[in-house]
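Colleague: Residue numbers (UniProt numbering): 1 to 104. Just so it is clear, CB atoms sit at the ideal spot from N, CA and C, and this is done for glycine as well. Since the model is a prediction, treat every value here as computed from it, not as a measurement. Sharing a structure below in structure tokens format, with a few things to ask.
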Amino acid sequence: MSGLPLLWLAELDDRVALLADPDGRAAVLVEMAYAARRRQDVDAATFADMLELAEAGRAWALSEHEEVSVLGVVVSGTKEGWADGEPGQITVGRNGLKGSSKAV
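The following block contains the structure:
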């Protein structure tokens, strides 16, 4: 897939942004694909690949959200989460409440 625009690939590879907002990032990827097609930077086949990959990225991110939810993994990453653990600490447990989970 060497015909894919590098900036578009960089956006697709930004897993943090994709996980943070799967629908929003997929919409950005789709809009970037349409813009590349309008500028004739990509042919019809590459455009179709871009749309499919945008949806695949969205599906992957939603799947990751579901998996994290099922496992009950909570990541402390904000100042509010610092009271119960260090920033970036991964806590395993359904509710992440103090005393009911195991810190990793």
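Mind checking which residues open and close the alpha helix (DSSP H) that includes Asp13?
Modeller: From DSSP, the alpha helix (DSSP H) with Asp13 extends over 6-13.
Colleague: Consult DSSP for residue 105 and reduce its assignment to one of helix, strand or coil.
Modeller: Past the boundaries of the shown model lies residue 105; the chain is included only from 1 to 104, so the question cannot be answered.
Colleague: Whole-angstrom Cβ separation of Met50 and Ala27, contact assumed at under 8 Å?
Modeller: The Cβ separation is near 13 Å, so there is no contact.
Colleague: With burial defined as no fewer than 16 other Cβ atoms inside 10 Å of the residue's Cβ, what is the status of Arg38: buried or exposed?
Modeller: exposed
Colleague: If you draw a straight line from the C-alpha of Trp8 to the C-alpha of Glu67, how long is it?
Modeller: 27 Å
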